[in-house]
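867 is the number of the first residue of the sequence shown in my numbering; add one for each residue after it. Where is the CB? At the ideal position from N, CA and C, for every residue including glycine. As the structure is a computational prediction, the values presented were derived from the model and not from experiment. I have placed the structure first, in the form of structure tokens, so that the comments after it can refer back to it.
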Amino acid sequence: MEPPEQVAGWLRRHELLAISHETIYVHVWREKRAGGELWTHLRQAGKQRRKRYGAYDSRGRLAGKRHISERPAEAEARAVVGHWEADTVMGSEHGRNSVITMVERVTGYLVMGKLARHCAAEATARCIER
Numbered sequence: 867m868e869p870p871e872q873v874a875g876w877l878r879r880h881e882l883l884a885i886s887h888e889t890i891y892v893h894v895w896r897e898k899r900a901g902g903e904l905w906t907h908l909r910q911a912g913k914q915r916r917k918r919y920g921a922y923d924s925r926g927r928l929a930g931k932r933h934i935s936e937r938p939a940e941a942e943a944r945a946v947v948g949h950w951e952a953d954t955v956m957g958s959e960h961g962r963n964s965v966i967t968m969v970e971r972v973t974g975y976l977v978m979g980k981l982a983r984h985c986a987a988e989a990t991a992r993c994i995e996r
């Protein structure tokens, strides 16, 4: 069986009946509730997205990344020069035109660099360059 969109288009093209695909779907689902089997002839698409009910959401997380609470005490106290914090700021175009900032914790010295692409390789290259 053709999908309702195709059926509605074919009927309209051959000037037999002007009906929307939504109306065809309504008929198919109503017939299914009444115990019919018309719906079994529709093309069945697989699930587009999986359910994540109890699953841990790992999107946006970096594997092996240390938590900020694990920062050395001397860096936390800002007692020793040489501890840097790095961060990236993404521009409006996702994946392009990002900025990396590196701040020395004691002096507040800021080093900034533009990234052509928002990726680890580009950020690493820019940090080494600075």
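Let me make sure I understand the geometry here. Which of E970, K980 and V873 has the alpha-carbon closest to that of T889? Here residue 889 refers to the residue found at position 23 when the sequence shown is read from its first residue. Comparing Cα-Cα distances from T889 to each of E970, K980 and V873, the minimum goes to V873.
Check your understanding: When the Cα atoms are used, what is the spatial distance from M929 to A986?
Key -> Numbered from its first residue, the sequence shown carries residue 929 at position 63. Numbered from its first residue, the sequence shown carries residue 986 at position 120. Correcting the residue identity first, residue 929 is Ala in this sequence and not Met. Spanning the two alpha carbons is a distance of roughly 13 angstroms.
Practice task
State the DSSP-derived secondary structure class of I885, mapped to helix, strand or coil.
Solution key: The count along the sequence shown starts at 1 and reaches residue 885 at position 19. I885 falls in the coil class under three-state DSSP.
In its own chain, which residues sit with a C-beta less than 7 angstroms from the C-beta of I885, not counting the 5 before and 5 after it? Here residue 885 corresponds to residue number 19 of the sequence shown, with the count starting at 1. Answer for I885: A874 and L877, listed in chain order.
Next on the checklist: By the three-class DSSP mapping on this structure, what secondary structure does R896 have?
Outcome noted: As a position in the sequence shown, residue 896 is number 30, starting the count at 1. Three-state DSSP puts R896 in a helix.
For this session: Would you list the residues sitting across from I966 in a DSSP beta bridge?
Result: To locate residue 966, count along the sequence shown from 1; it is residue 100. BP columns for I966 point to T954 and G979.
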